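Residue numbers (the numbering used here), protein chains in the order written: chain A, 1 to 305; chain B, 1001 to 1362; chain C, 2001 to 2088.
A virtual CB, placed ideally from N, CA and C, is assigned to each residue, including glycine.
Remember, it's a predicted structure, so these values are computed and weren't measured experimentally.
Below is one structure, written out as structure tokens, with a few remarks after it.
See the structure below:
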């Protein structure tokens, strides 16, 4: 199987500046074209283990990241994203090109893939039990995710939990884990083995870096999982670790509130979320210590919390 | 005429999708998306019994549009219901136009067709009351700039579009189908007199079939905004297909067009629908509108312009895949279109209805 | 007199005395407690007014709810505001 890592840098650049690199992420084929160095660097590092689809096949999403032309090219280099010939977003400084790739890949899925209920949540699996971690920004969800990946958990997704509509099966979409600001240093310390992209500063979210997904998670991207728990995490300095059951109807509403396309899906989304809630124990979770969190999640994985 | 893009070939003959390879499907879907016809493509293929033969990759994309279309239809229905409630006490005849009309009247043209505004037609004399009633029920005017307000109210004699403060959906209140500054004046009283009630929807009406066709033709050929050109042509094709089966429709159409001063747009509609989409028009009707068209050199020019402008706005329609590129189309997709009708609806009511009366509506 | 608004299928899921309900007309989802859900189900069986509902559902409410009819009236108004029921 051809992976990004098996292409030479020259081949990678040739594909990305020509017909495009067709990168497979979970169920989706993404054709990526770019002439922007920082983006190509990001792809080469973060997506080394990902399959490259042969040319001539069907592609789900077409993404072009090109240096903006005109006078601005000399004033301050920018990259703009074009989805299949149209430009939906403002251009950004070149240095932000790789995070831009990640954001726009998320955007493509969340705006189009209405064959799934798409929850803004991380989802990880261990011992056959999948745990969904919905969380608004700032809750420490990605730090927790990044830490768990160093403790044998399989990554299904960091940002987008894909729930199949008719049977509530969770479909993996393993991609790099985004870390912000202080989380970057925390994870560097907690997981010295972790491969991180070059931190990018001054984005609207502060400083951003991405953590490479474990090779095993990528290799098992076709292996769906069944939900076992939904955990709403919150990191609070000095907090004692607590795991409190959340009534299911309330959990339903909170998950719906954290979904990209629940509203679009209408009655089908209602039914799908109902099945998900049926299958899962829901909790709110407070913690301040990562090692304690790791131990608690281990018990959840064993069904013993 | 130049070789037609893949999407147009499929619209003319859905069976053309048989034998498309991965790249072909890819191109078809991208053209459809650019033309705002992706949801319609699903309807077209399903009606033709071709859906099961679509390979898994493109089939998933087509199925994704089903959800959006269903949600949109529901939201449109709900929005119209709220408008009807707001205008209930006024005893104003409420005529729906364009997308909302097709959807609520259950017309074929409404299936797989998404739109972002509700358009209604009310008598000019009642405009102020209608605006006031809408404001009482949560709609607010847009275009707050004094210049824009003047543009709409004094020059175009229209209300600026209104937007519902909570739901975010827009309503355009018209009193005529063309602005007073337009070169022709289809009589709104005549349009209203011929309006048809929607059987399943008390209090709602649409324009008469001929008038619906003429209204659609007017906006396609007068507005000059062709980014939705092919989609609007498809509307016309579907309306003509559905109404053409009704007795007397074709016979009366040319005369009605003349009566409303809309002979020229009808001429273009009956010229370009058959040319691009293969619409079947009785020869007698073509003969009857022939005199409404421009002559010689101007007709030749309009043919070139419309044929280009009505194609899907997609880079592929000007590239080598489908044959020699003969013209450059500017690419201005409608990717930024809001998911129509759905955006601002609050996800869930915070009103928790309990016997202990703790409801707090959000 | 009240009835369930035509077009409302009252798709709902209930767990431990609380329920979520899908509003077919507005597309919204509502959080209801068991009593509100019982009201809706009762109205689906047959249109009724507050007094009839109070009699029919008396044992679904706490004994301490003094003015049950008034309470139910309030709940009915709230449900009507959501287009789940309408007067008839």
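Query, Result
"Close Cβ partners of residue 251 of chain A (< 7 Å) along its chain, the five nearest in sequence each way excluded", "230, 277 and 282"
"Three-state secondary structure (DSSP) of residue 206 of chain A", "strand"
"Exposed unless 16 or more other CB atoms sit within 10 angstroms - verdict on residue 214 of chain A", "buried"
"Nearest to residue 2028 of chain C (by Cα), restricted to the options C/2036, C/2082 and C/2086", "C/2082"
"Limits of the alpha helix (DSSP H) - the one that residue 1130 of chain B falls within", "1127-1136"
"Beta carbon proximity, residue 2020 of chain C to chain A, threshold 8 Å", "yes"
"Spatially closest choice to residue 151 of chain A from A/61, A/4, A/293 and A/270, by CA coordinates", "A/293"
"Residue 1090 of chain B and residue 1133 of chain B closer than 8 Å at C-beta", "yes"
"Cross-chain neighbours of residue 2087 of chain C in chain B, by beta carbon under 7 Å", "Within chain B, no residue comes near residue 2087 of chain C; the closest Cβ sits about 13 Å away, beyond 7 Å."
"Cα-Cα separation, residue 2033 of chain C to residue 2040 of chain C", "11 Å"
"Segment contact, 8 Å Cβ cut-off, at least three pairs: the region 1184-1192 of chain B with the region 1152-1172 of chain B", "no"
"3 or more residues per run - each beta strand (DSSP E) lying fully within the region 114-163 of chain A", "116-126, 129-134 and 154-157"
"Candidates B/1212, B/1211 and B/1197: closest to residue 1205 of chain B by CA position", "B/1197"
"Contacts around residue 1092 of chain B, its chain only, beta-carbon distance under 8 Å, and the 5 residues preceding and following it disregarded", "1122, 1123, 1126, 1129 and 1130"
"Nearest-angstrom Cβ-Cβ length linking residue 39 of chain A and residue 101 of chain A, presumed shorter than 8 Å", "6 Å"
"Under 8 Å by beta carbon: chain B residues contacting residue 2025 of chain C", "1074, 1077, 1078 and 1081"
"Classification of residue 1085 of chain B by the beta-carbon crowding that lies within 10 angstroms, buried from 16 upward", "exposed"
"Given 8 Å, three or more beta-carbon pairs between the region 126-138 of chain A and the region 96-114 of chain A", "no"
"9 Å Cβ cut-off: residues of chain A touching residue 2016 of chain C", "247, 248 and 249"
"Same chain, Cβ closer than 7 Å to residue 206 of chain A, five either side skipped, listed in chain order", "180 and 181"
"Chain A within 8 Å of residue 2029 of chain C, Cβ atoms only", "yes"
"Residue 25 of chain A - DSSP class collapsed to helix/strand/coil", "strand"
"Straight-line gap, residue 1114 of chain B to residue 1213 of chain B (C-alpha atoms, nearest Å)", "18 Å"
"Whether residue 34 of chain A touches residue 65 of chain A by CB criterion (8 Å)", "yes"
"Outcome for residue 1109 of chain B when other beta-carbon atoms lying within 10 angstroms are tallied against a minimum of 16", "buried"
"Alpha-carbon to alpha-carbon, residue 227 of chain A and residue 1269 of chain B", "55 Å"
"Of the listed residues A/19, A/94 and A/47, nearest to residue 25 of chain A (C-alpha basis)", "A/47"
"Option in B/1120, B/1082 and B/1102 with minimal Cα separation from residue 1112 of chain B", "B/1102"
"Own chain residues within Cβ distance below 7 Å of residue 174 of chain A, not counting five before or after", "26, 155, 156, 157, 213, 217, 218 and 221"
"Residue 258 of chain A vs residue 62 of chain A beta-carbon contact at 8 Å", "no"
"Residue of A/223, A/260 and A/144 minimising C-alpha distance to residue 307 of chain A", "Outside the modelled stretch of chain A, which goes from 1 to 305, sits residue 307 of chain A, for which no answer is possible."
"Where the beta strand (DSSP E) containing residue 1174 of chain B begins and where it ends", "1170-1174"
"Cβ neighbour criterion (16 or more within 10 Å) applied to residue 1337 of chain B", "Residue placement at residue 1337 of chain B is flagged as unreliable, the pLDDT there being 29, under the threshold of 50; the coordinate-derived value follows with that caveat. Residue 1337 of chain B should be labelled exposed."
"Chain C contact residues for residue 263 of chain A, given Cβ-Cβ distances below 8 Å", "2027"
"Proximity to residue 1060 of chain B [Cα-Cα], best of B/1019, B/1038 and B/1267", "B/1038"
"Short CB-CB distance (under 8 Å) between residue 1057 of chain B and chain C", "no"
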